[in-house]
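The structure appears below as structure tokens.
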Amino acid sequence: MPETYIITFTEEATDTDKQLIKKEVSEVGIIRYEQTLTSAFTIELPDGPTYAFANNPFIKSCEKLQTIDER
């Protein structure tokens, strides 16, 4: 079952770097949302390939999206 992640870019990432990363992501998953203000995007990926994105020097973080329970 696919999981949802938020990927944020480093300040050093150029538009070209971001486009290349988005292309890589779209080959194994689905880009759901793009946030231009925070330079991030939300993706759906199978559980395995996130390690490849977490080790990219232009990616600041790759975090699994969590649901907040408001009780």
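Quick note on numbering: this note's numbering labels position 23 of the sequence shown as 139, and the sequence is numbered without any gaps.
Note that beta-carbon positions come from the ideal geometry of N, C-alpha and C, so glycine has one too.
All of these numbers come straight from a predicted model, not from anything done at the bench.
When beta bridges are read from the DSSP output, T130 appears opposite no residue.
Under the DSSP assignment, S177 falls in the beta strand (DSSP E) whose first and last residues are I175 to K180. Judged by DSSP secondary structure, T124 falls within the beta strand (DSSP E) whose first and last residues are E119 to F125. If you look at I159, you'll find it in the beta strand (DSSP E) that goes A156 to L161. Annotated as proximal: T124 and S177, with beta-carbon spacing under 9 Å.
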